[in-house]
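Written out below as structure tokens is the structure these notes cover.
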Amino acid sequence: MDFSQTFDVVIAGGGNAALCAAITAARAGKSVIVLEAAPEFYRGGNSRHTRNMRVCQNGNVTMMTGAYEPEEFYDDLIRVTGGITDEPLARLTIDRSRELPGWLGEQGVQFGPPLGGTLSLGRTNAFFLGGGRGEINALYRAAQRLGVIALYDTPVVALNIENSYFVSATVTRNGQPQEVRGKTFVAAAGGFEANIEWLKKHWGKAADNFIIRGTPYNKGDVLRLLLEKNVMPVGDPAQCHAIALDARAPKFDGGIATRLDCIVFSIVVNKDARRFYDEGEDLWPKRYAIWGRLIAQQPDQQAWSIIDSQSIASFMPSIYPPIEASTIHNLAEKLGLDPNALEKTVRDFNGAVRGGIFDPLKLDDCRTEFLDPPKSHWARKIEQPPFYGYPLRPGITFTYLGVKVGIDGRLIMMDGKPSPNMYAAGEIMAGNVLGKGYLAGIGMTIGAVFGRIAGEGAARYGNA
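Number 412 in our numbering belongs to position 412 of the sequence shown; there are no gaps in the numbering.
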């Protein structure tokens, strides 16, 4: 590797957003280098754990079912974020999402058939054939064909930024510092979710009990360096994409396989065997990412999902088997809960259930009455043995504290002015769109859309 070269585009990160930026700039004839902190086998950041991306379309996309128009997409986003979003950037993300299936297909990314069932994503999300790793591998092959240089085990440890201009990045390569110079810079290195000490600054000791479902390489180093260089921050540092994860999952890198989709068909209790939130508030893709935060607020950051035999086949099977018992009393003993307390919670819940027509594919009329918290949909009595329980922990995917960007993807400095030659894409800037909450697949959408925008901007700067 010749470090004397000055590249047109230097990209920190090696996932979906970084590669979309790299390919876009390289297709415009620019020299591009991708600096990936992870080893080659683990390249791709959190992107390799994904399955799909959310895209608007008019019903003519073969790998999706039915139309998903921009206004519905935007309404869904407003609902989950509570309106905490940068509207111009959100609408740009949505409008340009319609380009992604075709553009990614041109790079060799393949899509599978729509996924139906209780995930309810066939109309809104395009699924990658081979999952996120399949998408990432295809993008790396496309980048290589275009002459993009990718360096692995090469973390960025310093940034030389002068008067809002990027000059160079210092990396560690084979244990030695090296300077990588560039005309433009794209930050696409993710958030700080794998940095437990940083998480503890905002969550306290509770963060010790979090499971990091994504890459262990997202320590937030590039984010920290940019903020130290007077790039404007965006987002709440305590907000994140956090889901309910099987408590038996590994501390890092368990990925999507450790997620549990049973919550809407269950009751969820804390260590006191008490329910604490409406399990049936909305369809799972619009509410699954609230459960990590909810569990993080419970004692010892623990919870348990309780179901019976009539619901055990209603959701995608889990990688870890449920804990099974013939009675609620025995199940409580196996879960380490107070049997009398759990029996009372189940008894109170069953007494509040009001019958309806159970339908796992829509907001049905099976609900509770005079129960706090209620269960708004899919409420069925837990009465048919055997009974099952899953232990839950907060599973952190990515953090929402990031860097502020403009409509052209350029970084905004603390003085309110855009940097002339620095851009951002992906999780490191997702907080512009996601103030809180999450929609299934939108992280990949933000990454791909702003990766392309950053690549386009970097290519234009090189022509100036």
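All C-beta atoms in this analysis are idealised placements derived from N, C-alpha and C, irrespective of residue type, glycine included.
- Taking each of Arg96, Ile306, Ala37 and Lys30 in turn and checking the Cα distance to Thr184, the smallest one comes out for Lys30.
- Take the alpha-carbon of Phe252 and the one of Glu333: they are about 29 Å apart.
- As computed with DSSP, Leu411 is found in a beta bridge with Val405.
- When the five nearest sequence neighbours on each side are left out, the beta carbons in the same chain lying within less than 6 Å of the beta carbon of Gly437 are those of Val80 and Thr81, in order along the chain.
- Secondary structure in the region 234–268: the beta strand (DSSP E) runs of 3 residues or longer, each lying completely within the stretch, are 240–246 in chain order.
- In this structure, the CA atom of Glu456 is about 15 Å from the CA atom of Leu146.
- Collapsing the DSSP output to three states places Tyr400 in coil.
- In this structure Thr50 does not touch Gly112 by the C-beta definition: roughly 13 Å separates them, more than the 8 Å allowed.
- For Ala26, the uninterrupted alpha helix (DSSP H) run begins and ends at Asn16 to Arg27, by DSSP.
- At least 7 Å separates the beta-carbon of Pro385 from that of Ser314.
- The alpha carbon of Phe387 has as its nearest neighbour, out of Leu331, Ala341 and Ala425, the alpha carbon of Leu331.
- Within the region 289–353, complete alpha helix (DSSP H) segments of at least 4 residues are found at 291–296, 328–335 and 339–352, given in chain order.
- Following the DSSP letters along the chain, one finds Pro420 inside the beta strand (DSSP E) bounded by residues Pro418 to Ala424.
- Considering only Tyr423, Val433, Ile295 and Ala247, the residue with the shortest C-alpha distance to Val9 is Tyr423.
- Just so you know, the alpha carbons of Tyr140 and Ala38 end up roughly 14 Å apart.
- The beta-carbon distance between Gly402 and Ile428, rounded to whole angstroms, is 5 Å. This is short enough to meet the 8 Å contact definition.
- The DSSP assignment places complete beta strand (DSSP E) segments of no fewer than 3 residues inside the region 97–178 at 125–127, 149–151, 156–162 and 165–173, in order along the chain.
- Ranked by how close their Cα comes to the Cα of Pro339, the residues Asn270, Ala296 and Arg293 have Asn270 in first place.
- By the C-beta density criterion, Gln5 is exposed, having fewer than 16 other C-beta atoms within 10 angstroms.
- Among the bridge pairs identified by DSSP, Tyr461 is matched with none.
- In this structure Ala289 is in contact with Ala242, their Cβ atoms being roughly 7 Å apart against a cut-off of 8 Å.
- Residue burial is scored here from C-beta neighbours: Ile212 has at least 16 other C-beta atoms within 10 angstroms and is therefore classed as buried.
- When secondary structure is reduced to three states using DSSP, Ala454 falls in the helix class.
- With respect to Leu260, Tyr390 sits close: the two C-beta atoms are nearer than 7 Å.
- Asn209 is positioned such that its CB atom lies no closer than 7 Å to that of Gln107.
- Judged by their CB atoms, Leu392 and His377 are not nearer to each other than the 7 Å cut-off.
- Note that the region 404–424 touches the region 152–168; at least 3 beta-carbon pairs, one per stretch, sit closer than 8 Å.
- Between Gly15 and Gly45, the C-beta spacing is below 7 Å.
- Sixteen is the threshold: since fewer than 16 other Cβ atoms of the shown chains lie within 10 Å of the Cβ of Thr62, the residue is exposed.
- Taking the CA atoms as reference points, Thr154 sits about 56 Å from Asp348.
- Excluding residues up to 5 positions away in sequence, Gly409 and Ala425 lie with their Cβ nearer than 6 Å to the Cβ of Phe450 in the same chain.
- Here the alpha carbon of Gly336 sits roughly 14 Å from the alpha carbon of Ala247.
- Between the region 22–36 and the region 82–101, the count of C-beta pairs closer than 8 Å stays below three; the two stretches do not touch.
- Within the same chain, Cβ atoms closer than 8 Å to the Cβ of Phe358 are found at Asp364, Cys366, Trp378 and Arg380, the five residues on either side in sequence being excluded.
- In the DSSP assignment, Val10 falls within the unbroken beta strand (DSSP E) covering Thr6 to Ala12.
- Val61 has no beta-bridge partner at all, per DSSP.
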